[in-house]
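Undergrad: In mature numbering (1 follows the signal peptide of the UniProt record, and there is no 0), the protein residues as written are -19 to -1, 1 to 280.
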């Protein structure tokens, strides 16, 4: 029995990073076909499999979506429909960092990623398209910026795993409005989303890829002196979704932050004081992590 396979790799370019997710197959004695993904990174990827042709196989599922965990893992099994008949499969696939299916146990509330007591001004970022003088304004949510007065440390806004670090960019220009090469640290969260923290001082990272960080942990030093807006930090949360054209993209979830003035996703510019409520800091911790945190704060 000869099985014809066709692979077309579509690299999904995202704001976070590139990865080389590869797929391979194993053929079982019962006629089924197992698909495996190899993921070289430490965060899961959502893979969209588009079966272009097949014979005598049951479908993968209505969504065509599977999750590629770090390392090599089986992502799906295609069962043979009729015994004694050959099977064949052709497909393409695309992928994006993050877990489409994961959900959070609680609705996440973020810390403002600055030291407790800092006064900061929160303002939503504008879409890059609006900088190109379009006919209509793009009001899609793309993240938030916090401005502050003095250089400081940038803290983790939420529990997560460090999945990417880019801290090598030195910008000698002045009066910048936007820079595509901003230094950043990226966190992966239990709800399958990623938070990218941008505008950081080159080489100032205090964390490593693969490290678990908790709300308030130091990530790096602040930057932004070369910008028109001055010192600031930018954040965007990204969750994989499948759009109406059967393609993968990121949905930028409005982030809700806690401050002395209450909870807000900053629909308008607002100056607030940074606080670290224990119930927010520990919200996504495991029982073991929470016990260790309480013991440490009581010492």
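For each residue, glycine too, the CB sits at the ideal point set by N, CA and C.
Does residue 78 pass the burial test, meaning 16 or more other C-beta atoms within 10 Å, or should it be called exposed?
TA: Working through the chain shown from its first residue, we reach residue 78 at position 97. Result: buried.
Undergrad: Taking Cβ to Cβ, would you say residue 255 is nearer than 8 Å to residue 245?
TA: Counted from its first residue, the chain shown places residue 255 at position 274. Counted from its first residue, the chain shown places residue 245 at position 264. The answer is no: Cβ separation not under 8 Å.
Undergrad: What number of angstroms, rounded off, separates the C-alpha of residue 128 from the C-alpha of residue 80?
TA: Taking the chain shown and counting its residues from 1, one reaches residue 128 at position 147. Taking the chain shown and counting its residues from 1, one reaches residue 80 at position 99. Each residue's Cα considered, the two are about 31 Å apart.
Undergrad: Quick one: residues in its chain with C-beta nearer than 8 Å to the C-beta of residue 197, no 5 flanking neighbours on either side, listed in chain order?
TA: Residue numbering aside, residue 197 sits at position 216 when the chain shown is read from its first letter. Counting only Cβ-Cβ distances below 8 Å, and skipping sequence neighbours, we find 92, 97, 136, 137, 257 and 262.
Undergrad: How would you label residue 215, buried or exposed, when you count the other beta carbons within 10 angstroms and need 16 or more for buried?
TA: The count along the chain shown starts at 1 and reaches residue 215 at position 234. The residue is buried, with at least 16 neighbouring Cβ atoms inside 10 Å.
Undergrad: Excluding the 5 residues flanking residue 186 on each side, which residues of the same chain have their C-beta closer than 8 Å to its C-beta?
TA: The count along the chain shown starts at 1 and reaches residue 186 at position 205. So the list reads 146, 148, 166, 200 and 201, once near-sequence residues are dropped.
Undergrad: To the nearest angstrom, how far is it from the Cα of residue 210 to the Cα of residue 13?
TA: Residue 210 sits at position 229 when you count from the first residue of the chain shown. Residue 13 sits at position 32 when you count from the first residue of the chain shown. About 58 Å.
Undergrad: Quick one: measure Cβ to Cβ for residue 41 and residue 74, integer angstroms, because I've assumed they're closer than 8 Å.
TA: For this step, residue 41 is matched to residue 60 along the chain shown. For this step, residue 74 is matched to residue 93 along the chain shown. Not quite, the Cβ-Cβ distance comes to about 11 Å (not below 8 Å), so this is no contact.
Undergrad: So is residue 20 buried or exposed if we call it buried at 16+ other beta carbons inside 10 Å?
TA: Locating residue 20 in the chain shown gives position 39, counting from the first residue. Classification of residue 20: buried, given that the 10 Å Cβ count is 16 or more.
Undergrad: Helix, strand or coil for residue 274, going by three-state DSSP, please let me know.
TA: In the chain shown, counting from the first residue as 1, residue 274 sits at position 293. DSSP places residue 274 in helix when its eight states are reduced to three.
Undergrad: Beta-carbon within less than 8 Å of residue 151's beta-carbon, same chain only, minus the 5 sequence neighbours each way: which residues are those?
TA: Within the chain shown, residue 151 is the residue found at index 170, counting from 1. Once the five neighbours on either side are set aside, the close Cβ partners of residue 151 are 183.
Undergrad: Just mark residue 312 as buried or exposed, buried being the case when its beta carbon has 16 or more other beta carbons within 10 Å.
TA: No answer is possible for residue 312: it lies beyond the span of the chain, which begins at -19 and ends at 280.
Undergrad: According to the neighbour-count rule (16 or more other Cβ atoms, all chains shown, within 10 Å of its Cβ), is residue 156 buried or exposed?
TA: In the chain shown, the residue the question calls residue 156 occupies position 175. Here residue 156 scores only 46 on pLDDT, less than 50, and its place in the model is too uncertain to base an answer on.
Undergrad: Residue 99: which of 252, 178 and 188 sits nearest, CA to CA?
TA: As a position in the chain shown, residue 99 is number 118, starting the count at 1. Closest option to residue 99, Cα to Cα, is 252.
Undergrad: Starting from the C-beta of residue 192, find all residues in its chain whose C-beta is less than 8 Å away, skip the five residues before and the five after it, and write them out in chain order.
TA: In the chain shown, the residue the question calls residue 192 occupies position 211. Excluding sequence neighbours, residue 192 sits near 142 and 143.
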